[in-house]
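Chain order of the listed sequences is Y and B. If you read the first sequence in full-length UniProt numbering, its first letter stands for residue 1, the second for the next number, and so on. If you read the second sequence in full-length UniProt numbering, its first letter stands for residue 1, the second for the next number, and so on. Backbone N, C-alpha and C define an ideal beta-carbon position, used for all residues, glycine too. Owing to the predicted nature of the structure, the values given are computational and were not obtained by experimental measurement. Accompanying notes for the structure given below.
Number of protein chains: 2
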Amino acid sequence: MVREGSPAKRAAIVRAALKVFLAEGYARAGVDAIAAEAGVSKRTIYDYYGDKERLFLAAIAETRAGHEQGFEALLQETIDDVTDLEDALFRFGRVFATEVAKSAERTEILRLMIAEAAHFPRLLADRPTRTALADRLEALHRRGLLDVPDPVEAAEFLGVLVTGPVQNRSWYGAVPLDQDEIDHLVRSGVRIFLAAYGR
Amino acid sequence: MVREGSPAKRAAIVRAALKVFLAEGYARAGVDAIAAEAGVSKRTIYDYYGDKERLFLAAIAETRAGHEQGFEALLQETIDDVTDLEDALFRFGRVFATEVAKSAERTEILRLMIAEAAHFPRLLADRPTRTALADRLEALHRRGLLDVPDPVEAAEFLGVLVTGPVQNRSWYGAVPLDQDEIDHLVRSGVRIFLAAYGR
DNA sequence: GCGCTACTACACTGCACGGTGTAGTGTGCT
DNA sequence: AGCACACTACACCGTGCAGTGTAGTAGCGC
Chain Y
1 MVREGSPAKR AAIVRAALKV FLAEGYARAG VDAIAAEAGV SKRTIYDYYG
51 DKERLFLAAI AETRAGHEQG FEALLQETID DVTDLEDALF RFGRVFATEV
101 AKSAERTEIL RLMIAEAAHF PRLLADRPTR TALADRLEAL HRRGLLDVPD
151 PVEAAEFLGV LVTGPVQNRS WYGAVPLDQD EIDHLVRSGV RIFLAAYGR
Chain B
1 MVREGSPAKR AAIVRAALKV FLAEGYARAG VDAIAAEAGV SKRTIYDYYG
51 DKERLFLAAI AETRAGHEQG FEALLQETID DVTDLEDALF RFGRVFATEV
101 AKSAERTEIL RLMIAEAAHF PRLLADRPTR TALADRLEAL HRRGLLDVPD
151 PVEAAEFLGV LVTGPVQNRS WYGAVPLDQD EIDHLVRSGV RIFLAAYGR
């Protein structure tokens, strides 16, 4: 008995669900709390999504799709049409790492996915952001600005260099870091990347 | 009414608790299941540890202490008394990354800590393994084998370079990787590190 | 044997929570 | 007005589970 309902209400439910799941984790999160947060009756949630599990998966999928778009936009505005390569990579990494360290939705969702990976195998999809980044690195390689024989691997390392230390020190967003520390770590990460992959 | 009991029984309980917590996560894990796994009555668990939360924290602390010792031993047998630096770092990274990628206890516990970080702030202690690694890098710096002005930061990056891609691709141990892929990623990570910090 | 301690087996309480059923209300369409 | 539909409010069921209380047993020192 799944009602399709209005897109606005679906969005409200999914947003509320994400918030509660992120704060509590899947098992602790209560559907009553989600309903209250969404300003919707519990019954409506069940009419829309059937059960808690489907609601969870929908919330994750919806949000991840938004993140991919944001990531694509960030790539366009920092790495495409680059003049100063180090600066471009730094600006890219800065935004990315700052999201990570500020207990932002992005990292929390990663944390949630890691936590629930064993219980929801469907969460372990591919990682489109890495391939999007790899495409850019390959383009920079063709333009002679980088020496990147394996763009996918290089994208993996760039991502790790730029976000890894920030993730570790912030415990995946659970402890906030100040911007100076983030900037410093990102700067160092970019330098390391260029030392290895620069011309 | 906390009984101190026998060390052997405490160990059995903690081991069983860890197993169930790792498999199920904190909220889903049932004390009955832990009791069954430990071959002990539920009542005994409560007599020993008081409540589920304390049992959880004890299980984490106990296991982490063991890991620190193991890490220290690994450092000694790979990085101390080094002749071929790249090879030494590779051997170090290989063991470390393999643990990570094989869904081993070590990563699962990290995953669990990440998942529960928000609910158990006491889990977010310092990270003694990083400082242990930093000490070694500083020694290599003094011996003129590396150029490491900030050993703590360098240790952060070495750790990230060696384990990051493996963690990402294996979804923190949820998906096993084959040894060739691990070796390749570790090799690349070490080369990047040396490109940035080598003499 | 006696007493003490550690432990088990098990029944039980209280509660939180997933999920359902239903009566009633608001809104918009014809 | 009358109908259809979306939604809410709320009561309700079943269950799983943290935590407790207790009676009984096995072992051990004396």
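Touch test, the segment 175-194 of chain B against the segment 130-143 of chain Y, Cβ-Cβ under 8 Å, three pairs minimum: No, the segment 175-194 of chain B does not touch the segment 130-143 of chain Y.
Can you list, in chain order, the residues of its chain whose CB lies under 6 Å from that of Y/Arg199, leaving out five sequence neighbours each side? If you number the first sequence from 1, residue 199 of chain Y lands on position 199. Contacts found: Asp147.
Residue of Y/Phe71, Y/Arg106, Y/Glu108 minimising C-alpha distance to residue 202 of chain Y: No answer is possible for residue 202 of chain Y: it lies beyond the span of chain Y, which begins at 1 and ends at 199.
Taking Cβ positions only, does B/Gly25 come closer than 8 Å to chain Y? For the purposes of this step, residue 25 of chain B is taken as the residue at position 25 of the second sequence. True, the Cβ-Cβ gap to chain Y drops below 8 Å.
Contact list for the segment 134-153 of chain Y against chain B, Cβ threshold 7 Å: So the close ones are Glu153.
Confirm the yes/no value for this check: CB of B/Val40, any heavy atom of the ligand MN, distance under 7 Å. Ligands are entirely absent from the displayed structure, and the ligand MN is therefore not among its contents.
In angstroms, rounded to a whole number, what distance separates the CA positions of B/Phe157 and B/Gly50? In the second sequence, counting from the first residue as 1, residue 157 of chain B sits at position 157. In the second sequence, counting from the first residue as 1, residue 50 of chain B sits at position 50. Taking C-alpha positions only, B/Phe157 is separated from B/Gly50 by approximately 41 Å.
Let's see if you can read the secondary structure: which residues bound the alpha helix (DSSP H) around B/Asp47? The residue labelled residue 47 of chain B in the question sits at position 47 within the second sequence. For B/Asp47, the enclosing alpha helix (DSSP H) starts and ends at 42-49.
Does any residue of chain Y have a CB that is nearer than 8 Å to the CB of B/Leu161? In the second sequence, residue 161 of chain B corresponds to position 161, counting from 1. Chain Y, which has a Cβ nearer than 8 Å to the Cβ of B/Leu161, makes this yes.
Contained beta strand (DSSP E) runs [length at least 3] in the segment 113-138 of chain B, N- to C-terminal order: DSSP runs (the beta strand (DSSP E)) wholly in the segment 113-138 of chain B: none.
Got a sec: which bits of the UniProt DNA-binding region "H-T-H motif" (30-49) of chain Y sit with their beta carbon under 9 Å from any beta carbon on chain B, in order along the chain? Against chain B - using a Cβ distance shorter than 9 Å - the UniProt DNA-binding region "H-T-H motif" (30-49) of chain Y contributes no residues.
What is the residue span of the alpha helix (DSSP H) that Y/Arg54 lies within? As a position in the first sequence, residue 54 of chain Y is number 54, starting the count at 1. Counted as a single uninterrupted DSSP element, the alpha helix (DSSP H) harbouring Y/Arg54 occupies residues 52-78.
Which runs of the alpha helix (DSSP H) spanning at least 4 residues fall entirely within the segment 132-187 of chain Y, listed in chain order? For the segment 132-187 of chain Y, whole alpha helix (DSSP H) runs of length 4 or above, ordered along the chain, are 151-169.
Under 8 Å between C-beta atoms of Y/Ile114 and Y/Leu22: By 1-based counting over the first sequence, the position of residue 114 of chain Y is 114. By 1-based counting over the first sequence, the position of residue 22 of chain Y is 22. No, the Cβ-Cβ distance between Y/Ile114 and Y/Leu22 is not below 8 Å.
Determine, for Y/Leu124, whether the minimum Cβ-Cβ distance to residues of chain B falls below 8 Å. For this step, residue 124 of chain Y is matched to residue 124 along the first sequence. Cβ-Cβ to chain B under 8 Å: yes for Y/Leu124.
If you reduce the DSSP assignment to three classes, tell me which class B/Gly30 lands in. The residue given as residue 30 of chain B occupies position 30 in the second sequence. Coil.
So which residues on chain Y does B/Gly164 lean against when the C-beta distance must stay under 7 Å? For this step, residue 164 of chain B is matched to residue 164 along the second sequence. Taking a Cβ-Cβ cut-off of 7 Å, the neighbours of B/Gly164 in chain Y comprise Val160, Gly164, given in sequence order.
Assess contact between the segment 92-107 of chain Y and the segment 162-176 of chain Y, defined as three or more Cβ pairs (one per stretch) separated by less than 8 Å. Is contact present? Verdict: yes, contact present.
Skipping 5 residues on each side, what residues in its chain have a beta carbon closer than 7 Å to that of B/Val40? Here residue 40 of chain B corresponds to residue number 40 of the second sequence, with the count starting at 1. Beyond the five residues adjoining it in sequence on each side, B/Val40 comes within less than 7 Å, by CB distance, of Lys9, Ala12, Ile13 in the same chain, given in chain order.
Report yes or no: is there a C-beta of chain B within less than 8 Å of the C-beta of Y/Ser6? Reading the first sequence from its first residue, position 6 is the one you call residue 6 of chain Y. Output row for Y/Ser6: interface = no.
On the CB-based measure, 16 or more other CB atoms within 10 Å of its CB, does Y/Ser188 come out buried or exposed? Looking up residue 188 of chain Y in the first sequence gives position 188. Only buried fits Y/Ser188, as 16 or more other CB atoms lie within 10 angstroms of its CB.
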